[in-house]
Amino acid sequence: MSADPASFRFVSTNRRVREDRRFVAGHGLFVADVALEGMLHVAVLPSQHPAARIVSIDASAALAMPGVHYVLTGDELAAATDPLMNGLDTPRVKRHPLAVGQTRYAGEWVAAVVADSRALAEDAAEKIDVSYQPLPFVLNAEEALKPDSPPVHPEHGSNVLLDRTFVWGEVDKHFAECPRHLSFRVTWGRSSTVPIETFGVAASWDPWREMLDVWASIQMPKYPDQIARALRIPANGVRVHQDVDVGGSYGVKRGIKQTVLVAHLARRLGRPVRLIEDRLDNMAGGDAHGPDRIFDVEVAFDDDGIVKSMKMKALDNAGAYAGRAPFQLGKPIGAIVGPYRIESVQYRAQSVTTNKAVQEAVRGFGQAPTNYAIETAIDKVAAATGLPRIEVRRRNFIRSEQFPYLIPSGSTYDSGDYHTVVDKVLAHIDLDAMEKERDRLRATGLLAGIGVAACLEPSGANSAFEPLLNEKNTTTTWMDSCRIVVDGLGCVTVTIHNTSSGQGHETLVSTVVGEVLQVDPDLIRVVRPDSLACLPSNSPVGSRMAIMLGGAAFHAAQKLKAKLTRIGAHQFGLGEDKVVYASGGVADPAGNRQLGWAELVNIAHRHYHLLPEGMEPGLETTHVMQVPTGGTLPKDGRVQMYPCHSFEFHVVLMAIDPVIGKPEIRRYVIGHDCGTVITPHIVRGMTLGGIAHGLGAALLEEFVYNDEGQLITQSFMDYLLPSAHEVPAVEIVHHCTPSPFTVFGQKGSGESGYLGAPAAISGAINDCVAPLGISFNKLPIRIAAIGDAIAKAQQPNQGQAT
Amino acid sequence: MMVDLRINGTVRSAELEPRKTLLDALREDFLLNGTHAGCEHGVCGACTVLLDGEPVRSCLLFAVQADGYEITTIEGLAPAPGELSVIQDAFCETHGLQCGYCTPGMILAAHALLQQTVTPTREEIVEAISANICRCTGYGQIVEAVQFAADRLRIANTPRALLSPGGSK
Numbered sequence: 091m092s093a094d095p096a097s098f099r100f101v102s103t104n105r106r107v108r109e110d111r112r113f114v115a116g117h118g119l120f121v122a123d124v125a126l127e128g129m130l131h132v133a134v135l136p137s138q139h140p141a142a143r144i145v146s147i148d149a150s151a152a153l154a155m156p157g158v159h160y161v162l163t164g165d166e167l168a169a170a171t172d173p174l175m176n177g178l179d180t181p182r183v184k185r186h187p188l189a190v191g192q193t194r195y196a197g198e199w200v201a202a203v204v205a206d207s208r209a210l211a212e213d214a215a216e217k218i219d220v221s222y223q224p225l226p227f228v229l230n231a232e233e234a235l236k237p238d239s240p241p242v243h244p245e246h247g248s249n250v251l252l253d254r255t256f257v258w259g260e261v262d263k264h265f266a267e268c269p270r271h272l273s274f275r276v277t278w279g280r281s282s283t284v285p286i287e288t289f290g291v292a293a294s295w296d297p298w299r300e301m302l303d304v305w306a307s308i309q310m311p312k313y314p315d316q317i318a319r320a321l322r323i324p325a326n327g328v329r330v331h332q333d334v335d336v337g338g339s340y341g342v343k344r345g346i347k348q349t350v351l352v353a354h355l356a357r358r359l360g361r362p363v364r365l366i367e368d369r370l371d372n373m374a375g376g377d378a379h380g381p382d383r384i385f386d387v388e389v390a391f392d393d394d395g396i397v398k399s400m401k402m403k404a405l406d407n408a409g410a411y412a413g414r415a416p417f418q419l420g421k422p423i424g425a426i427v428g429p430y431r432i433e434s435v436q437y438r439a440q441s442v443t444t445n446k447a448v449q450e451a452v453r454g455f456g457q458a459p460t461n462y463a464i465e466t467a468i469d470k471v472a473a474a475t476g477l478p479r480i481e482v483r484r485r486n487f488i489r490s491e492q493f494p495y496l497i498p499s500g501s502t503y504d505s506g507d508y509h510t511v512v513d514k515v516l517a518h519i520d521l522d523a524m525e526k527e528r529d530r531l532r533a534t535g536l537l538a539g540i541g542v543a544a545c546l547e548p549s550g551a552n553s554a555f556e557p558l559l560n561e562k563n564t565t566t567t568w569m570d571s572c573r574i575v576v577d578g579l580g581c582v583t584v585t586i587h588n589t590s591s592g593q594g595h596e597t598l599v600s601t602v603v604g605e606v607l608q609v610d611p612d613l614i615r616v617v618r619p620d621s622l623a624c625l626p627s628n629s630p631v632g633s634r635m636a637i638m639l640g641g642a643a644f645h646a647a648q649k650l651k652a653k654l655t656r657i658g659a660h661q662f663g664l665g666e667d668k669v670v671y672a673s674g675g676v677a678d679p680a681g682n683r684q685l686g687w688a689e690l691v692n693i694a695h696r697h698y699h700l701l702p703e704g705m706e707p708g709l710e711t712t713h714v715m716q717v718p719t720g721g722t723l724p725k726d727g728r729v730q731m732y733p734c735h736s737f738e739f740h741v742v743l744m745a746i747d748p749v750i751g752k753p754e755i756r757r758y759v760i761g762h763d764c765g766t767v768i769t770p771h772i773v774r775g776m777t778l779g780g781i782a783h784g785l786g787a788a789l790l791e792e793f794v795y796n797d798e799g800q801l802i803t804q805s806f807m808d809y810l811l812p813s814a815h816e817v818p819a820v821e822i823v824h825h826c827t828p829s830p831f832t833v834f835g836q837k838g839s840g841e842s843g844y845l846g847a848p849a850a851i852s853g854a855i856n857d858c859v860a861p862l863g864i865s866f867n868k869l870p871i872r873i874a875a876i877g878d879a880i881a882k883a884q885q886p887n888q889g890q891a892t
Numbered sequence: 002m003m004v005d006l007r008i009n010g011t012v013r014s015a016e017l018e019p020r021k022t023l024l025d026a027l028r029e030d031f032l033l034n035g036t037h038a039g040c041e042h043g044v045c046g047a048c049t050v051l052l053d054g055e056p057v058r059s060c061l062l063f064a065v066q067a068d069g070y071e072i073t074t075i076e077g078l079a080p081a082p083g084e085l086s087v088i089q090d091a092f093c094e095t096h097g098l099q100c101g102y103c104t105p106g107m108i109l110a111a112h113a114l115l116q117q118t119v120t121p122t123r124e125e126i127v128e129a130i131s132a133n134i135c136r137c138t139g140y141g142q143i144v145e146a147v148q149f150a151a152d153r154l155r156i157a158n159t160p161r162a163l164l165s166p167g168g169s170k
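Quick note, the sequences are listed as chains A and B, same order.
Each residue of the first sequence is one higher than the one before, counting from 91 in our numbering.
Each residue of the second sequence is one higher than the one before, counting from 2 in our numbering.
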C-alpha cells in the first residue's frame, strides 16, 4: 500500500484523458489507416451451409480477372501452418483460418481472394465456384449433447468439449438441512460486444530479415507467440506494432485466424497484405460471438431467505470450434457465490460444439451471464419467502468485517462493504418515493416495476481458469510490466507493452508515475514499443490494467525514485534514509542542502565519477509485476482466481406500455465500489458504457440462427445496438473500499455496469409483468416477446405465457 | 472519371470509379482518415460527414454524388494543427469518448446541431446524436460534452453559419 489517499496529488483527481486529443481531431491510428507501400487487399468467401463437405473449389474465373493476385484455400493454408491454439486439451477439434475439407457453420470462411483493392477482391470472390455436399448439422446445445447428434468434429468423437462437475463444500448436507428449495432455468442469448470498428490486420514479410511485421486491431494475450507457432517461425521473427489504436473491443478482438491468414499471404506473395472485415464478415464469420448459455439452478434456503447452498449447471453453446470460449465457464468460478455467504456450491460446466459461429471472450468472460443466474435465484427466493428483494440480498451479503473472505471455490475476496453501498444507494434514490412513483405509473395503466441486482466484478486477471479446466496447462503467472526512462535532458518516457482499445492506459500510467515521482503527469510521454522491444506482458483483459499496469508503473517509479534518492544522498555523503525526496529533487534537511531534478539527471547521465559505487549510469528502471495473490496451481478443484472484487448495486425503475410492450427505463441508479479510483473520468465512462452494453444484452442484441442454420441477424438492421434514445441517464453513487492487495487500493472497473445491468433490467421487467402471472426467463427480452406475452396473458383462457 | 470535390473549403480532384463511395474516396484518394467505416450500411454513423452543414452517411453516398456540395470532415473542424474546436475540446473536457472510433462522426453530428441551435435541450442533443452508435460510453459523457460546448459557444457569442437571423431555429 502506498500513502494515504488524502495525500494524492494526481491520483483520483479529475484530470483530462490524454488520449482524447488525437481522437477528437480524427487523428487516431487505426489499422485501416495503416497504408503500406504495395499493399494488397483480401476479401473472404463464406460458406452458405451450416455443415457441408467441400467437394471442389474452382477459382479460375476469379484468377482470370485483372488485378486479382491470388486465391487461397483451406488446404493450402492448413499445409503451411499449424492449427490455431485450443484452450482445452481437445487436440482433435482442429481449427484453421479457412475451412479444411468441410465447413462447420454458415459464414465460415472457405477461401480468400487477394487483389489490388478490396472492391476488386469482393468482385472476384463472387466468381469462385465451390461445390458443396451438405451434411447434417446441429444448432441447439441440448441437442448437441445427445450421443446421436451430428458431430461437428467427427474425429473428436462427440460434441462435448467440457463436462466437469465441481463440488465445493457439503452441498448434499446443506440441501438436506434446508427446509426450502427452488429450481429454475434461465437462458442467456448469444450476443457480443460488437465494436464499431470491425477486426482488421495488415502484415508484411521481409525475407531478407526474416521478419513478419503485423499491425492489427487486437486485444489478444500472447498474440505474437500464437502467430509464430501457427506460422512455424521463431517468435523473435514476429514484430507486432502495438501502437495501433483499437476501435473498441471489450474482449472480442482476438483475431488470430485473420492474422495467420494474412501473414501467410504476405509471405506467400512477397507483398504487404491487409484484411479489414466488413460488417457481414465480422458478424457471420469473424468468430466474435459471445456466451450462449442455459443455466439450470437450484438453491436451498430457509424461511428467513438465507441461501445456504446452490447447484448450478451451465451449458454453453461454444459454436463450431473451441478456441478460448470454454474458459468463459471457468472464470466465473472465482465469484460463483456472488456477494453472498452461500456456503456450498455444486457447479457443472458443460461446453458443446454446434454449427454456429465461434465464440470469443466477451466483457466479463462469462461473469455477466453467471451474475444474471445468481441474481435471478435471489429474486426467486425473495418471491418464495415473501421478503423484499433488497432485504434478502442484505441478509445474505458477506459482511464488511468478514474480509478477506474465502469462498467455497477457493478464491479469497479482498475487501468490500456491500451493506454500506446499498444504504447509500437507497438514501440517494429514496426507495419509498420510487415505490410511490411505480404505483403512480401503475395507476395510469402502465405496467411498472423495480429491478435490483448486486454483483461482483472480479478484477486484476490471472489465468487460473486455464489450469483449473486443463491440467496440461500449468500457467501460474499473468504478468504485466512497465519501463521508465529519463533521458539526458530530464524528460520522462514510459513504455507499456500491450495494445489499447480505449481504456486510457497512457493517462493511467502517466498519472501513477507522476504521483510517485511527484512530477507533472502531462510532461510524461507514454509509448508502446513493438512486441520485440517489450517486456513480458499480457493484454488488457479481465479488468486488470488499473491493478496490473498501474501496479507495474508504480513499482518502476518507486525504483526510479530510490535511484535518484541514492544519487542525491551520495552527493551529501549521507545514507539514503537521511535525505528526503520531494518533487523530483533530493534534500538534506539537516544541512540545508538540496539537488534538483536537472542536477540529479545530469549526474546520472554524465558524471560517473559522482555516482555511488556499482551503480549503473543513466536513469532507467523496469518492473515486471506478478498478479497479487494466487500464483499456485489448483488443488482439489479449488483455485485463487482474480485478486480484487469490485461491487455494484443496480436499481432500475421500469415502465412498460402494455399495448406495445416497449420497456422504458424511467430511472437507473448504480452504486459502484471499485476501491481507489485513479482516473474518475475513465471509471465513470466505463461504468456508463457497461450499463449500455448490458442494456443491449438484456433487451436488444442476439445473434439468431434460423432452423436452416443461417444467421438471420447479420447487420445492424436486425442486430440492434442501443442508441442514445435507448440508454437512460444513469446516476452513479460512489463508494470506496480500498483493496489491501493493490498499490493505491484500486480495483478493476473495465467490466463494471455490464456485469449487473442485464440482471437488474430483467428483474425490473419481471416485476412489471408479475401482476399478470408471467415472467421472462431468457435474454434478450425483446419488445415483440413482451408485447406478445402481455397480450396472451390478458386474454382469458389462453394459458400461461413466457 | 475525374471528379472535383470541395472538401473542407478546398477544391480537390481525383480520378474515381463511379461506384466508389464518398467514404472510400475520402480515405483512399484524399487521405482523410478521420472518417471511419463502421457498418457500411448506413446505421452506425461512424462515417458521418457534413454536406452543406447537414450530417450524412458517407458510406451510402457515391463520391460523384457529392460534387457541388461543401463537404466537411472531422479534419475540417480543428482551427489549426494541434488546436481543437470548442466542440472537440468539450469532448476532451468531459471524456466524451473512449476508443475514439465513433468520435469524428459524433462530433460532426454535434457540430451540425450547434450550428443551428444555441440552447439545445437534452432531448435535442439525444436526438442529434441518436443516429451515431457508440459502444464505449453509454452516451452520458457525450451528452455532457455537447451541453458543455453549447454553453461555451453561447457565452462566447460565437457566430454560427446556419443560425437564422432571429437566433435559434
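Virtual Cβ for every residue (Gly too), placed ideally from N, Cα, C.
Please read these numbers as outputs of a predicted model, since none were measured by experiment.
query: Counting only runs of 3+ residues fully inside the stretch 711 to 746 of chain A, write out the beta strand (DSSP E) ranges in chain order.; result: 734 to 746
query: Is DSSP giving PHE63 (chain B) helix, strand or coil here?; result: strand
query: Please list the terminal residues of the continuous alpha helix (DSSP H) segment that includes PRO314 (chain A).; result: 313 to 321
query: According to the neighbour-count rule (16 or more other Cβ atoms, all chains shown, within 10 Å of its Cβ), is TRP278 (chain A) buried or exposed?; result: buried
query: ARG280 (chain A) and HIS379 (chain A) look like a contact to me (Cβ under 8 Å); what is the Cβ gap, rounded to whole Å?; result: 5 Å
query: Inspect the CB distances between the stretch 548 to 558 of chain A and the stretch 859 to 869 of chain A and report whether three or more fall short of 8 Å.; result: no
query: Three or more beta-carbon pairs under 8 Å between the stretch 617 to 636 of chain A and the stretch 588 to 601 of chain A, yes or no?; result: yes
query: Could you please tell me which residues of the stretch 330 to 343 of chain A, in chain order, have their CB closer than 9 Å to any CB of chain B?; result: ASP335, VAL336, GLY337, GLY338, SER339 and TYR340
query: Pick out whichever of A:GLN348, A:ARG322, A:GLN730 and A:ASP763 has its Cα sitting closest to the Cα of MET310 (chain A).; result: A:GLN348
query: With distances taken Cα to Cα, identify the nearest neighbour of ALA659 (chain A) among A:GLY580, A:ASN486, A:LEU690 and A:THR567.; result: A:LEU690
query: Just verifying my parser: in three-state terms, what is the DSSP assignment at SER621 (chain A)?; result: helix
query: So what does DSSP say about ASP878 (chain A), is it helix, strand or coil?; result: helix
query: From the DSSP output, read off the bridge partner residues of TRP199 (chain A).; result: A:PRO136
query: Return no unless some Cβ of chain A is closer than 8 Å to the Cβ of CYS60 (chain B).; result: no
query: Which of the three DSSP states is assigned to TYR698 (chain A) in this structure?; result: helix
query: By Cβ distance, which residues of its chain are closer than 7 Å to GLY197 (chain A), with the 5 residues on each side in sequence left out?; result: PRO136, SER137, ALA374, GLY375, ALA447 and LEU801
query: So, is the C-beta of GLY101 (chain B) closer than 8 Å to a C-beta in chain A?; result: yes
query: Which residue wins for smallest C-alpha separation from VAL127 (chain B), given the options A:ALA680, A:VAL603 and A:HIS815?; result: A:HIS815
query: Leaving out five residues on either side along the sequence, give the residues of the same chain with a beta carbon under 6 Å from the beta carbon of ILE746 (chain A).; result: LEU537, PRO753 and CYS858
query: Pick out whichever of A:ILE871, A:PRO240, A:ASP148 and A:ALA266 has its Cα sitting closest to the Cα of ALA215 (chain A).; result: A:ASP148
query: Do we get a CB-CB distance below 8 Å when we pair GLU287 (chain A) with the residues of chain B?; result: yes
query: Buried or exposed for VAL12 (chain B), please, with buried defined as at least 16 other CB atoms from any protein chain shown within 10 angstroms of its CB.; result: exposed
query: If we count the other Cβ atoms within 10 Å of its Cβ and call it buried at 16 or more, is ALA891 (chain A) buried or exposed?; result: Reliability fails at ALA891 (chain A), whose pLDDT of 44 lies under 50, so the model's placement of it is uncertain and the value that follows must be treated cautiously. Under this definition ALA891 (chain A) is a buried residue.
query: For a cutoff of 8 Å on Cβ pairs, would you count SER805 (chain A) as touching chain B?; result: yes
query: Do THR443 (chain A) and VAL242 (chain A) come within 8 Å of each other at the CB atom, strictly closer than that value?; result: yes
query: Would you call the stretch 390 to 404 of chain A and the stretch 257 to 275 of chain A in contact, with 3 or more CB pairs under 8 Å?; result: yes
query: Which ranges does the beta strand (DSSP E) cover as unbroken runs of at least 3 residues, wholly within the stretch 355 to 433 of chain A, from first to last along the chain?; result: 363 to 366, 383 to 391 and 397 to 409
query: Return yes when at least one heavy atom of the ligand FMN lies under 7 Å from the C-beta of MET175 (chain A), else no.; result: Here there are no bound small molecules, and the ligand FMN is not part of this structure.
query: On the CB-based measure, 16 or more other CB atoms within 10 Å of its CB, does LEU558 (chain A) come out buried or exposed?; result: buried
query: Could you check what DSSP says for PRO269 (chain A) in three-state terms: helix, strand or coil?; result: coil
query: Does DSSP classify SER490 (chain A) as helix, strand or coil?; result: helix
query: Considering only DSSP beta bridges, list what ASP5 (chain B) is partnered with.; result: B:SER14
query: If CYS572 (chain A) and VAL599 (chain A) are in contact, beta carbons under 8 Å, what's the gap, nearest whole angstrom?; result: 7 Å
query: Just checking: is the beta-carbon of VAL119 (chain B) within a distance shorter than 8 Å of some beta-carbon in chain A?; result: no
query: Might you give, ordered along the chain, the residues of its own chain that have their beta carbon closer than 7 Å to the beta carbon of THR95 (chain B), omitting 5 neighbours on each side?; result: GLN142, GLU145, ALA146 and PHE149
query: Can you give me the C-alpha to C-alpha distance between ALA636 (chain A) and ARG185 (chain A), rounded to a whole angstrom?; result: 34 Å
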